[in-house]
DNA sequence: ATGGCAATCCGAGATTGA
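Numbering (the UniProt record's numbering), first residue to last: 1 to 259.
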């Protein structure tokens, strides 16, 4: 039996957080780490820093916004950027096969407000993802979808549900997509295990959100049945959020025991 | 109720995030 840990972390600028990410890979037992909001064009991506650390990396990015990457200890194959059937200039999805696992790293759309054009884009993007996942699941028994979903699936994933009711990140439309992903045969690995109440993965920088634990659980690791049966642990690692100059998100980790 | 923080960019205040 060997332990294999998958992680996801919205770093809110890899330029700023590169030392923290390298440190995390050096000090933690994470085998695959999915990053979101790298905010770097591909020519500016610090690929060599990861290679020098003995790591494998794939990435797709753009200026200022979005951008995703997958870092791994083992080699990656069949790297796919974006979704083949969804034209999108925003760089929000990257997939790679690592140790026989299809890893899909997603930075899902924020949506801003239910009345906004961005919310329409969010609905379209999620529709495309659902369709894309169906295709990927046909080809890959072992599939993990990790990332910043920008969806808090249940009221217990929200620090103050009454204040957020019906709004962006918690609307029935968005939660419907989360349930649709589960209906494809994926499992929310965090909810496989007993967890503390008020467990969150993101806290607002403002008003001491982290200290007040005024947060949301919007970063998730969904596993196909072939993986969830071997999942022995899923945790939110709050340590990086306590660092100097932290991202507003903190890593979520899922560990598999592979025979 | 509003804005509050952080990161980005043709470089000061606007935009975005969640």
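For every residue, glycine included, the Cβ atom is placed at its ideal position computed from N, Cα and C.
Report, in whole angstroms, the separation of the C-beta atoms of residue i and residue j, which I expect to be a contact under 8 Å.
i: residue 258; j: residue 8; result: Incorrect: roughly 19 Å between the Cβ atoms, too far for contact.
i: residue 53; j: residue 22; result: 6 Å
i: residue 12; j: residue 247; result: 4 Å
i: residue 177; j: residue 130; result: 7 Å
i: residue 124; j: residue 92; result: So it is not a contact: roughly 12 Å between Cβ atoms.
i: residue 94; j: residue 50; result: Not really, about 14 Å apart at Cβ, beyond 8 Å.
i: residue 168; j: residue 114; result: 6 Å
Measure the C-alpha to C-alpha separation of residue i and residue j and round it to an integer number of angstroms.
i: residue 119; j: residue 72; result: 33 Å
i: residue 182; j: residue 206; result: 33 Å
i: residue 174; j: residue 180; result: 10 Å
i: residue 128; j: residue 85; result: 8 Å
i: residue 190; j: residue 87; result: 32 Å
i: residue 229; j: residue 29; result: 21 Å
i: residue 218; j: residue 153; result: 8 Å
i: residue 20; j: residue 74; result: 20 Å
i: residue 121; j: residue 89; result: 12 Å
i: residue 5; j: residue 56; result: 15 Å
i: residue 103; j: residue 220; result: 13 Å
i: residue 47; j: residue 245; result: 22 Å
i: residue 157; j: residue 213; result: 12 Å
i: residue 185; j: residue 135; result: 13 Å
i: residue 18; j: residue 256; result: 26 Å
i: residue 188; j: residue 10; result: 18 Å
i: residue 27; j: residue 240; result: 12 Å
i: residue 116; j: residue 137; result: 32 Å
Could you check where the alpha helix (DSSP H) with residue i kicks off and where it finishes?
i: residue 173; result: 172-183
i: residue 133; result: 117-139
i: residue 36; result: Unbroken run through residue 36 is the beta strand (DSSP E), 32-36; no alpha helix (DSSP H).
i: residue 188; result: No alpha helix (DSSP H) contains residue 188, which is instead part of the beta strand (DSSP E) from 186-188.
i: residue 254; result: Looking at the DSSP string, residue 254 is not in any alpha helix (DSSP H); the run it does join, the beta strand (DSSP E), is 252-258.
i: residue 162; result: 161-164
DSSP three-state label for residue i, please.
i: residue 247; result: coil
i: residue 45; result: coil
i: residue 149; result: coil
i: residue 220; result: strand
i: residue 200; result: coil
i: residue 233; result: strand
i: residue 10; result: strand
i: residue 69; result: strand
i: residue 169; result: coil
i: residue 50; result: helix
i: residue 114; result: coil
i: residue 263; result: Since the first residue of the chain shown is 1 and the last is 259, residue 263 is not available in this structure.
i: residue 55; result: coil
i: residue 40; result: coil
Following the continuous beta strand (DSSP E) through residue i, name the residue where it begins and the one where it ends.
i: residue 80; result: 77-81
i: residue 95; result: 93-98
i: residue 226; result: From DSSP, residue 226 is part of no beta strand (DSSP E) but of the alpha helix (DSSP H) over 225-228.
i: residue 102; result: 101-107
Check whether the segment 36-44 touches the segment 221-235, taking contact to mean three or more Cβ pairs, one atom from each stretch, closer than 8 Å. no
Taking contact to mean 3 or more Cβ pairs, one atom from each stretch, closer than 8 Å, check whether the segment 145-153 and the segment 106-114 are in contact. yes
Counting Cβ pairs closer than 8 Å, one from the segment 245-258 and one from the segment 195-203, do we hit at least three? yes
Are the segment 32-39 and the segment 77-85 in contact at 8 Å, needing three or more beta carbon pairs? no
For the structure I just gave you, are there three or more beta carbon pairs, one from the segment 136-146 and one from the segment 89-102, closer than 8 Å? By the Cβ criterion, the segment 136-146 is in contact with the segment 89-102, since at least three pairs of Cβ atoms, one from each stretch, lie closer than 8 Å.
Are at least three pairs of beta-carbons, each pair with one atom in the segment 184-200 and one in the segment 162-172, less than 8 Å apart? The count of Cβ pairs closer than 8 Å, one atom from the segment 184-200 and one from the segment 162-172, stays below three, leaving the stretches out of contact.
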